[in-house]
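Visitor: This note's numbering puts the first residue of the sequence shown at -9, with every later residue one more than the last. Every residue gets a Cβ at the ideal spot worked out from N, C-alpha and C, and that includes glycine. Pasting in a structure now, in structure tokens, and then I'll have a few things to ask.
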Amino acid sequence: IFLIASQINHGKEWILGDKDLSIAIAELNMKAGKMALDGCDHKTAYSYLGVALSLLPNDYWSSHYDLSLRLYFLKSSAANSICQYYEAELFLRMTLEKARCLDDQLPSYLLLSQILQAQGNVNDVYDSCSTILTELGE
């Protein structure tokens, strides 16, 4: 899958006008990125996931919600793994803003809390956890 995705990515500018093909190639890159993450090749995952995001249409959160949700979380995970904490946090906050329900937000809240804790932002972790508990009615 890596070889196929890499070869297609070299000519991706030729497919940008075809929305259906762009989405299919974005999904292929997402699969390659996920495989790279699972194999602990975080820089490669970060790259494939970046290409996948670049292929989404302008209205991706409304037109391709599930794909956007997965891509943003995976990109955040990859960014976190290569110490790009600021970018990971930005992607997670965008995910939290665009997510339609708490179930879609929970994985992002967990990863955000881990990132904030690793950076020593204990008060932000507390605020994040308090927000979740409030939404859960606890």
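Pair every Cβ in the stretch 25 to 32 with every Cβ in the stretch 46 to 63, then say whether three or more of these pairs are closer than 8 Å.
Guide: With a cut-off of 8 Å, the stretch 46 to 63 and the stretch 25 to 32 do not count as touching, because too few Cβ pairs lie within range.
Visitor: Throw me the rounded Cβ distance for the LYS21 and LEU39 pair, which I believe falls under 8 Å.
Guide: Not a contact, Cβ separation roughly 10 Å.
Visitor: Drop a sphere of 10 angstroms on the beta-carbon of GLN109, count the other beta-carbons inside from all chains shown, and report buried for 16 or more, exposed for fewer.
Guide: With fewer than 16 Cβ atoms within 10 Å of its Cβ, GLN109 is classed as exposed.
Visitor: What is the DSSP secondary structure of GLN74, counted as helix, strand or coil?
Guide: Coil at GLN74, not helix or strand.
Visitor: Residues in the same chain with beta-carbon distance under 7 Å from PHE63, minus the five sequence neighbours each way, listed in chain order, please.
Guide: Correct list, in chain order: THR85, PRO97 and SER98.
Visitor: Given a cut-off of 7 Å on the beta-carbon distance, is the pair LEU126 and ASP94 in contact?
Guide: The answer is no: Cβ separation not under 7 Å.
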